[in-house]
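Colleague: Sharing a structure below in structure tokens format, with a few things to ask.
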Amino acid sequence: MSDIKPIIFGRQVFLTTEKDAGRRIDRYLSGRMPGLSRSLVQKLIKSGHVIIDGVVCKQSTRIVEGQSIIAEIALPDDFEMTPEEMDIEILYEDDDIVAVNKPAGLVVHPAPGHFKGTLVNAMLHHCGRLSDTAGQLRLGIVHRLDKETSGVMVMAKNNAAHEGMTVQFRERTLQKRYLAIAEGELRFDSGTIDLPLARHFRERKKFAVVFGAGKESTSRYLVRERFDGFTLVEVAPKTGRTHQIRVHLKSLGHPVICDGYYGFRRRLRWRDLVPPEVASEMTQEKLDEVLLKRQALHAYELHFKHPTTGKEMELHAEMFPDMKLVLELLRQYKKK
Numbered sequence: 002m003s004d005i006k007p008i009i010f011g012r013q014v015f016l017t018t019e020k021d022a023g024r025r026i027d028r029y030l031s032g033r034m035p036g037l038s039r040s041l042v043q044k045l046i047k048s049g050h051v052i053i054d055g056v057v058c059k060q061s062t063r064i065v066e067g068q069s070i071i072a073e074i075a076l077p078d079d080f081e082m083t084p085e086e087m088d089i090e091i092l093y094e095d096d097d098i099v100a101v102n103k104p105a106g107l108v109v110h111p112a113p114g115h116f117k118g119t120l121v122n123a124m125l126h127h128c129g130r131l132s133d134t135a136g137q138l139r140l141g142i143v144h145r146l147d148k149e150t151s152g153v154m155v156m157a158k159n160n161a162a163h164e165g166m167t168v169q170f171r172e173r174t175l176q177k178r179y180l181a182i183a184e185g186e187l188r189f190d191s192g193t194i195d196l197p198l199a200r201h202f203r204e205r206k207k208f209a210v211v212f213g214a215g216k217e218s219t220s221r222y223l224v225r226e227r228f229d230g231f232t233l234v235e236v237a238p239k240t241g242r243t244h245q246i247r248v249h250l251k252s253l254g255h256p257v258i259c260d261g262y263y264g265f266r267r268r269l270r271w272r273d274l275v276p277p278e279v280a281s282e283m284t285q286e287k288l289d290e291v292l293l294k295r296q297a298l299h300a301y302e303l304h305f306k307h308p309t310t311g312k313e314m315e316l317h318a319e320m321f322p323d324m325k326l327v328l329e330l331l332r333q334y335k336k337k
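Count the sequence shown with this note's numbering and you get residues 2 to 337, in order.
This is how it looks when you write it as structure tokens:
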């Protein structure tokens, strides 16, 4: 990479803490961006793409608490997307579009720390060709889901279909519905959350409600089932802001369970759901077993017009086993 002029395709911003003080910058970044090898981090530093408090740093630089670090992630000019075979459920496919049930844990397209193993890599292998309107790093991408969110996603195979889908997302003429398992019991059976969102002022990977400077963000919700300490809620976002549903549910005091950014816990275990009389018959190992380790958010329905034929399309994506099992246990042991 050092022999090729890099292009900037993304950046990560970090704010150092007391525990980071004294660490070498290359070791620090390797730990914060596990998808990047140590040698790649060192090349980024050497090429001037790591900046601390506005100053290009050296590889030997040691961190001080409270510093702002910007790492500009670069790829070589001759970078090519590599097709990769993966087991992805296909919900619908024709000559113009392909729809999938994206599993949790799968990054949609290459981004800092995730150069391979993305949905784009998988669909390039499956389809052979995808639209390139959004650039070589986002082949076929007309909308996105967070890494740990599962559910229905549509991708474009050609640029005409890409434009037809993009217009619908931009003009908000399609309908998206998600299912989320939220912490606690929502007060109302339905409602609208109309709160502006912007990037968190300090934790740059997160978003927050920001009045005045935030972007318009609206979500409608409907309680589907109530449990003791949990709620299954359907959410229909009118806008499509990053982390919108997750931040909006948090604003109600009921974040999505196991949301590592906005929730109360990162893991849900058997002991969190089974009653004492059942727990007494289980081994400690079973009680400590993790049921869910990602946000319980699933895009289960998408309504849109086919970008070429104009036909009304309605796609549904079945929940994955982890969320299904949690719901089964809630219905068995926590039903109101």
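In this text, a Cβ means the ideal position worked out from N, Cα and C, and glycines have one as well.
Have a look at Gln285 and Arg227 and give me their C-alpha separation to the nearest angstrom.
Modeller: Distance between the alpha carbons of Gln285 and Arg227 is about 28 Å.
Colleague: State the Cα-Cα distance for the pair Pro256 and Leu45, rounded to the nearest angstrom.
Modeller: Whole-angstrom Cα-Cα distance: 37 Å.
Colleague: Which runs of the alpha helix (DSSP H) at least 4 residues long sit entirely within the segment 236-285? Give them in chain order.
Modeller: Here the runs fully enclosed are 245-252 and 277-280.
Colleague: With DSSP collapsed to three states, give me the class of Leu316.
Modeller: Strand, per DSSP.
Colleague: Quick one, which of Lys337, Arg203 and Gln176 has its alpha-carbon nearest Thr17's?
Modeller: Of the listed residues, the one whose Cα sits closest to Thr17 is Arg203.
Colleague: For Ser132, report the span of its beta strand (DSSP E) as first-last.
Modeller: It is not in any beta strand (DSSP E) - Ser132 carries neither H nor E in the DSSP assignment.
Colleague: Drop a sphere of 10 angstroms on the beta-carbon of Pro103, count the other beta-carbons inside from all chains shown, and report buried for 16 or more, exposed for fewer.
Modeller: First, the amino acid is wrong: residue 103 is Lys here, not Pro. Looking at its Cβ environment, which holds 16 or more other Cβ atoms inside 10 Å, Lys103 is buried.
Colleague: For Gly215, which residues of its own chain have a beta-carbon under 6 Å away from its beta-carbon, when the five flanking residues on both sides are left out?
Modeller: Result list for Gly215: Pro197, Leu198 and Ala199, in chain order.
Colleague: When the Cα atoms are used, what is the spatial distance from Gln245 to Ser220?
Modeller: Their Cα atoms are separated by approximately 8 Å.
Colleague: Give me, in chain order, the residues of the same chain whose beta-carbon lies closer than 6 Å to that of Val155; leave out the 5 immediate sequence neighbours on both sides.
Modeller: Contacts found: Ile98 and Ala100.
Colleague: Going by beta carbon distance, what residues of the same chain come within less than 7 Å of Thr167, once the five residues before and after it are set aside?
Modeller: Result list for Thr167: Val143, in chain order.
Colleague: Given a cut-off of 7 Å on the beta-carbon distance, is the pair Leu180 and Tyr334 in contact?
Modeller: It is not a contact, given that the beta carbons lie outside the stated cut-off.
Colleague: Could you tell me the alpha carbon to alpha carbon distance between Ser132 and Gly67, rounded to whole angstroms?
Modeller: Going by the C-alpha atoms only, they are around 43 Å apart.
Colleague: Check Leu233 in the structure and name its three-state DSSP category.
Modeller: Leu233 falls in the strand class under three-state DSSP.
Colleague: Just checking my contact of Asp21 with Gln60 at CB under 8 Å: how many whole Å lie between their CB atoms?
Modeller: That belief does not hold up - the Cβ atoms of Asp21 and Gln60 are roughly 16 Å apart, past 8 Å.
Colleague: How big is the Cα-Cα spacing for Ser31 and Tyr222?
Modeller: Distance between the alpha carbons of Ser31 and Tyr222: 40 Å.
Colleague: Report the three-state DSSP secondary structure of Asp147 (helix, strand or coil).
Modeller: Asp147 falls in the coil class under three-state DSSP.
Colleague: Report the rounded CA-to-CA distance for Glu319 versus Leu125, giving the unit in angstroms.
Modeller: One C-alpha to the other measures close to 23 Å.
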